[in-house]
Amino acid sequence: LIVLDITLPKLDGISLCRKLRTQGVSVPILMLTARDGADDIVAGLDAGADDYVAKPYKLKELLARIRALLRRGNFCLSPVMEWENLQLDPNSCQVTYEDRPLHLTPKEYRLLELLLRHGSCVLSRSQILDNLWSFYDPPEEDAVKALVKRLRQKLKASGAPDDFVMTAYGLGYHLKQYSSDRQLCRGKVPSYAASA
């Protein structure tokens with residue numbers, strides 16, 4: 345269980361909640377904050393919080409809400425994500441291409457997962473920076489470009505085509521859409537029946 349306040353020193357709780365959900369974190373999140381406006385509550389729940397409690401609160405009620413969230417218990421496992429012959433299992437953090445394992449660094453893995461969650465939609469450099477680097481881990485210049493290059497090399501070494509991760513010049517990066525009758529990606533990303 346994660347308990348979040350909206351007012352945090354570096355990143356507000358709503359943005360942190362949204363970031364956690366984007367990264368596939370499925371642990372229950374309880375927002376516990378002094379902000380009790382309807383807009384704040386809606387923003388917190390829409391960002392992915394499972395419950396929202398405004399201060400002042402009664403301890404008995406808070407504990408009951410926590411117990412209710414924990415009772416939901418068996419948090420559903422994230423489904424395996426697929427794109428053509430690539431599979432990423434968020435539960436085991438295993439990546440394969442045509443059943444051959446890819447040995448990725450944590451950042452390479454997170455970049456690939458982020459690309460899979462967005463499919464053929466373009467991810468800007470700033471979106472990648474926001475999701476993969478933190479205030480305490482500032483990126484070096486051209487960090488995104490270098491990371492994409494390393495990921496492409498490892499994908500190619502596993503048999504993926506050179507253009508598996510495509511560059512939208514001046515915009516960012518995305519996965520190539522392939523013509524296929526099969527479901528290309530599962531999980532939080534919509535299925536694509538892509539045309540050539």
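Residue numbering for the sequence shown follows this note's numbering, starting at 345 and increasing by one per position.
Glycine included, C-beta positions come from ideal geometry on N, C-alpha and C.
query, result
"Every unbroken beta strand (DSSP E) inside the region 363–439 [3 residues or more]", "373–377, 395–398, 425–427 and 430–433"
"Proximal residues to R469 (C-beta, below 7 Å), its chain only, five neighbours per side dropped", "V488 and G516"
"Bounding residues of the beta strand (DSSP E) (the contiguous stretch that carries I350)", "No beta strand (DSSP E) holds I350; DSSP gives it neither H nor E."
"Cutoff 8 Å; reference L414; Cβ partners in own chain excluding five residues on either side", "L345 and P372"
"P445: first and last residue of the uninterrupted beta strand (DSSP E) it sits in", "R444 to L446"
"Residue closest to L348, alpha-carbon to alpha-carbon, out of Q367, D383 and K399", "K399"
"Close beta carbons around I385, own chain, < 7 Å, minus the five adjacent residues each side", "Y396"
"Integer-rounded CB distance, given that R362 should sit under 8 Å from A391", "4 Å"
"L407 and A393 closer than 9 Å at C-beta", "no"
"Sequence-distant residues of the same chain with beta carbon closer than 6 Å to D380, five excluded per side", "A398"
"For L345, the three-state DSSP class (helix, strand or coil)", "coil"
"Start-to-end residues for the beta strand (DSSP E) that takes in L320", "In the structure displayed, the chain extends from 345 to 540; residue 320 sits before or after that span and is not available."
"For L528, three-class secondary structure by DSSP", "Residue confidence is low: L528 scores 44 on pLDDT, short of 50, so the model does not pin down where it sits. No coordinate-derived value is stated."
"Span separating the alpha-carbon of Y513 from that of V466", "10 Å"
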